[in-house]
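Taking it in order: structure first as structure tokens, then the write-up.
In our numbering, the protein residues as written are 5 to 42.
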């Protein structure tokens, strides 16, 4: 499933940093402070 703009904006910070990825290997790193990086 593609990582769309709407899905990326909906990601919330957690206690630890985590990665949200799509089926082609693109991932978005969500930091515990709420910042997001490709």
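Every residue, glycine too, gets a C-beta built ideally from N, C-alpha and C.
Check                                                                                                                     : Outcome
Considering just the uninterrupted stretch of the alpha helix (DSSP H) at residue 11, what are its terminal residues?     : 9-14
Report the option in 29, 12, 21, 15 whose CA atom is closest to the CA atom of residue 36.                                : 21
In this structure, what does DSSP give as the bridge partners for residue 35?                                             : The partner list for residue 35 (beta bridge, DSSP) is empty, contrary to what the question assumes.
If you draw a straight line from the alpha carbon of residue 32 to that of residue 23, how long is it in whole angstroms? : 6 angstroms
Below 9 angstroms between beta carbons: does that hold for residue 6 and residue 19?                                      : no
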